[in-house]
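Engineer: So the sequences go chain by chain: D and V.
Taking the numbering used here, I'd label the letters of the first sequence as residues 1077 to 1484.
Taking the numbering used here, I'd label the letters of the second sequence as residues 392 to 531.
For each residue, glycine too, the CB sits at the ideal point set by N, CA and C.
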Amino acid sequence: MSVKLPIYLDYHATTPVDPRVVDAMLPYFTEHFGNAASRNHPFGWEAEEAVDKARKQVADLIGANAKEIVFTSGATESDNLAIKGAAEMYREKGNHIITCVTEHKAVIDTCKRLEKEGFRVTYLPVQKDGRINLDELRAAITDKTILITIMAANNEIGVIQPVAEIGAIAKEKGILFHTDAVQAVGKIPFNVNDLKVDMASISAHKMYGPKGVGALFVRRRNPRVLLAPQIDGGGHERGMRSGTLNVPGIVGFGKAAELCRQEMESDTKRLSGLRDRLNARLHKGLDEIYINGSMEHRLPHNLNISFAYVEGESLLMGINDVAVSSGSACTSASLEPSYVLKALGAGDDLAHSSIRFGLGRWTTEEEIDYVADKLTTVVTRLREMSPLYELAKEGVDLSTMQWQTEGH
Amino acid sequence: MAYSDKVIDHYENPRNVGSLPKDDKNVGTGLVGAPECGDVMKLQVKVNPQTGVIDDAKFKTFGCGSAIASSSLATEWLKGKTVEEALAIKNTDIVTELSLPPVKIHCSVLAEDAIKAAIADYKKKQGSEKSADTHAQPTA
Chain D
1077 MSVKLPIYLD
1087 YHATTPVDPR
1097 VVDAMLPYFT
1107 EHFGNAASRN
1117 HPFGWEAEEA
1127 VDKARKQVAD
1137 LIGANAKEIV
1147 FTSGATESDN
1157 LAIKGAAEMY
1167 REKGNHIITC
1177 VTEHKAVIDT
1187 CKRLEKEGFR
1197 VTYLPVQKDG
1207 RINLDELRAA
1217 ITDKTILITI
1227 MAANNEIGVI
1237 QPVAEIGAIA
1247 KEKGILFHTD
1257 AVQAVGKIPF
1267 NVNDLKVDMA
1277 SISAHKMYGP
1287 KGVGALFVRR
1297 RNPRVLLAPQ
1307 IDGGGHERGM
1317 RSGTLNVPGI
1327 VGFGKAAELC
1337 RQEMESDTKR
1347 LSGLRDRLNA
1357 RLHKGLDEIY
1367 INGSMEHRLP
1377 HNLNISFAYV
1387 EGESLLMGIN
1397 DVAVSSGSAC
1407 TSASLEPSYV
1417 LKALGAGDDL
1427 AHSSIRFGLG
1437 RWTTEEEIDY
1447 VADKLTTVVT
1457 RLREMSPLYE
1467 LAKEGVDLST
1477 MQWQTEGH
Chain V
392 MAYSDKVIDH
402 YENPRNVGSL
412 PKDDKNVGTG
422 LVGAPECGDV
432 MKLQVKVNPQ
442 TGVIDDAKFK
452 TFGCGSAIAS
462 SSLATEWLKG
472 KTVEEALAIK
482 NTDIVTELSL
492 PPVKIHCSVL
502 AEDAIKAAIA
512 DYKKKQGSEK
522 SADTHAQPTA
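1) Between the stretch 1171–1187 of chain D and the stretch 1313–1325 of chain D, can you find at least three pairs of beta-carbon atoms closer than 8 Å?
2) Closer than 8 Å, Cβ to Cβ, to anything on chain C: give me those residues from the stretch 422–446 of chain V, in chain order.
3) Residues of the stretch 447–465 of chain V with a CB closer than 7 Å to any CB of chain D: list them in chain order, please.
4) Where do the ends of the beta strand (DSSP E) carrying D/T1380 lie?
5) Report buried or exposed for D/L1081, applying the criterion of at least 16 other Cβ atoms within 10 angstroms of its Cβ.
6) I'd like the ranges of any alpha helix (DSSP H) spanning at least 4 consecutive residues and lying wholly in the stretch 1316–1390 of chain D.
7) So D/V1454 and D/G1394 are in contact, right, with Cβ under 8 Å, and what is the actual spacing, rounded?
8) Just to make sure I have the definition right: I need the residues of chain V whose C-beta is within less than 8 Å of the C-beta of D/L1464. Which are they?
9) Helix, strand or coil for D/V1455 per DSSP?
10) Using only the alpha-carbon positions, how far apart do V/Y394 and V/G429 sit?
11) Quick one: does V/P405 have its CB under 8 Å from some CB of chain D?
12) Leaving out five residues before and five after V/A425 in sequence, what residues of the same chain have Cβ atoms less than 7 Å from its Cβ?
13) Can you grab the Cα-Cα spacing for the pair V/I399 / V/K507, in whole Å?
14) Using the beta-carbon of each residue, which ones in chain V are nearer than 7 Å to D/L1474?
15) Give a yes or no on whether the minimum CB-CB distance between D/W1479 and chain V is below 8 Å.
16) Report the three-state DSSP secondary structure of D/C1176 (helix, strand or coil).
17) Go through its chain and collect everything with a Cβ distance to D/G1483's Cβ below 8 Å, but skip five positions before and after it.
18) How long is the line joining the alpha carbons of D/S1154 and V/K481, rounded to whole angstroms?
19) Could you list which residues in chain D have their beta carbon closer than 8 Å to that of V/S410, in chain order?
20) Excluding the 5 residues flanking D/H1312 on each side, which residues of the same chain have their C-beta closer than 7 Å to its C-beta?
21) Within 8 Å of any Cβ in chain V, is that where the Cβ of D/M1461 sits?
22) What does the Cβ neighbour count give for V/T442, buried or exposed, with the cut at 16 atoms within 10 Å?
23) Using the beta-carbon of each residue, which ones in chain V are nearer than 9 Å to D/Y1385?
24) Identify, in the order they occur along the chain, each residue of the same chain with its Cβ nearer than 7 Å to the Cβ of V/E520, setting aside the five sequence neighbours on each side.
25) On a Cα-Cα basis, can you pick out the residue from D/I1264, D/R1300 and D/V1400 that is closest to D/L1435?
Shown next, in the form of structure tokens:
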């Protein structure tokens, strides 16, 4: 069987919308177009009913109560609302926030903004496996700490943080715990009560739903979390997020959540099998390739590998019929290589050599074999033209060499 | 990012990949860039001592497609030029030839640096000029 090109292996960036989700959404663009806030006619009632159903579907996926779901435009907004909203609300209690260096920019930059406004933020380092050290978390807590925000799973290396342990520590100390759960929810079991999470950010388009819709789980009981709204207006979403609800998007989000809940077990099994197949095949064909982050605490559909002596962008050029991401600077607007990989202590050269693979619902075994074989060929070719590979083969220790770095 | 056809051609069919014997006194080697910056170029020239003309040029590059193309193009241009003519190659010539976008200009700068480093190394070996600081073992 021949493989259909290009192959999409960038499911951490976004996912296609499941056709079953599209089917659920369609009537809400045309027939049932009402505003969910219109209380006095059936158009509004229908829309509200659809939103309520979706709210329940999303809540069920994470073990929450439907009333604890606040719909937003996406996880970036959810992160902003959770962190800024809590900071503003609990400012009198304290001004200290704890987060981690490998967080998504939506969390890091929000924290940086709060620093300018007088908050103090601790950015916990990560260990070589990509996880935070719980003792360091405990040590960072002060009587001024009001919020801990640590992601559930990382978007680059797929490493899963010890969320339940962090939740227990936060609970014990009476500190709110927010987690950016975008990459985890729908992919691995995630229950807000088991994990003792007070707030969780979720996004529809990472779990086969539409773009432009997300949610923030906000705990209502034990403790009741209060947030200062960041968008003012008609007082939608229990006053926490004003703005007319994106009804078709929310309906799609709900359907996507329902499908993830039903198919998580089989998806996980299939995708971790394919991921391990990709890993094994690459290791068979190539030496000196390194997995970034823990393999044990990792999303089932993620693989992040550094191909030593080969630069990421040139690697992507060689596999231009495969959609993946590289940690190399050249692929992004910034000139720095991935801060996540640097935080692992991988060394900038290996960060420049990395590829992130994100598998998903429509990834096939044929695709995985094609990608592994093609990468093996391209890496071999690029190493033949790599001066670093040549030096390494001559026995030169690249890390002790003096490089001319000035001006680059 | 969209690459120009010429960059893609050099990437897919790089000219003059390889190594010349670096201990040969007629061979000059330039090694510039740094792994942590995502670019390292090794460029070598072999000069005919009688004529002063570059007979052969080879490169190896760790870097993005534009870096590979810049160094590949540089080796093409070097062959047949005298040492002095080679020193006249400017990074802007490479930018123009390969239609490099602004974010990739540093690749052409590195290629020019590599040419200069290789020729400085050659001249040093010939003893015709006192050592320049840019040669096979670049200093920080």
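Structural biologist: For this structure:
1) no
2) No chain C appears in this structure, whose protein chains are D and V.
3) Taken in chain order, the members of the stretch 447–465 of chain V whose beta-carbon sits within less than 7 Å of a beta-carbon on chain D are K451, T452, F453, G454, C455, G456 and I459.
4) Locating residue 1380 of chain D in the first sequence gives position 304, counting from the first residue. In the sequence on display, residue 1380 of chain D carries Asn and not Thr. Looking at the DSSP string, the run of the beta strand (DSSP E) that includes D/N1380 is N1378 to F1383.
5) Working through the first sequence from its first residue, we reach residue 1081 of chain D at position 5. When all chains shown are included, D/L1081 counts as exposed.
6) 1323–1361
7) Walking along the first sequence from the start, residue 1454 of chain D turns up at place 378. Walking along the first sequence from the start, residue 1394 of chain D turns up at place 318. At roughly 3 Å, the Cβ-Cβ gap stays under 8 Å, so D/V1454 and D/G1394 are in contact.
8) Indexing the first sequence from 1 puts residue 1464 of chain D at position 388. Within chain V, the residues near D/L1464 are P426, V431 and F453.
9) Indexing the first sequence from 1 puts residue 1455 of chain D at position 379. Of the three classes helix, strand and coil, the one that applies to D/V1455 here is helix, per DSSP.
10) Here residue 394 of chain V refers to the residue found at position 3 when the second sequence is read from its first residue. Here residue 429 of chain V refers to the residue found at position 38 when the second sequence is read from its first residue. Those two C-alpha atoms are separated by around 18 Å.
11) By 1-based counting over the second sequence, the position of residue 405 of chain V is 14. So yes, V/P405 belongs to the interface.
12) Here residue 425 of chain V refers to the residue found at position 34 when the second sequence is read from its first residue. So the list reads V431, once near-sequence residues are dropped.
13) Reading the second sequence from its first residue, position 8 is the one you call residue 399 of chain V. Reading the second sequence from its first residue, position 116 is the one you call residue 507 of chain V. Looking at the backbone, the Cα of V/I399 and that of V/K507 are separated by about 25 Å.
14) Sequence index remark: in the first sequence, residue 1474 of chain D carries index 398 (1-based). Under the 7 Å cutoff, chain V gives P426.
15) Working through the first sequence from its first residue, we reach residue 1479 of chain D at position 403. Yes, D/W1479 lies at the interface with chain V (some Cβ there is under 8 Å from its Cβ).
16) Position 100 of the first sequence, counted from the start, is the residue given in the question as residue 1176 of chain D. Of the three classes helix, strand and coil, the one that applies to D/C1176 here is strand, per DSSP.
17) Here residue 1483 of chain D is taken as the residue at index 407 of the first sequence, counted from 1. Reliability fails at D/G1483, whose pLDDT of 49 lies under 50, so the model's placement of it is uncertain and no value is given.
18) As a working mapping, residue 1154 of chain D is identified with position 78 in the first sequence. As a working mapping, residue 481 of chain V is identified with position 90 in the second sequence. About 50 Å.
19) Along the second sequence, one-based indexing puts residue 410 of chain V at 19. The contacting residues are E1466.
20) For the purposes of this step, residue 1312 of chain D is identified with residue 236 of the first sequence, where counting begins at 1. A1113, S1318, G1319 and L1321, listed in sequence order.
21) Numbered from 1 along the first sequence, position 385 holds the residue referred to as residue 1461 of chain D. Yes, its Cβ sits closer than 8 Å to a Cβ of chain V.
22) What you label residue 442 of chain V is simply residue 51 of the second sequence in a count that begins at 1. Exposed: under 16 other Cβ atoms inside 10 Å.
23) Counted from its first residue, the first sequence places residue 1385 of chain D at position 309. The answer, in chain order, is P426 and F453.
24) Residue numbering aside, residue 520 of chain V sits at position 129 when the second sequence is read from its first letter. Per-residue confidence for V/E520 stands at a pLDDT of 46, beneath the threshold of 50, marking its modelled position as unreliable; no derived number is given.
25) Looking up residue 1435 of chain D in the first sequence gives position 359. It is D/V1400.
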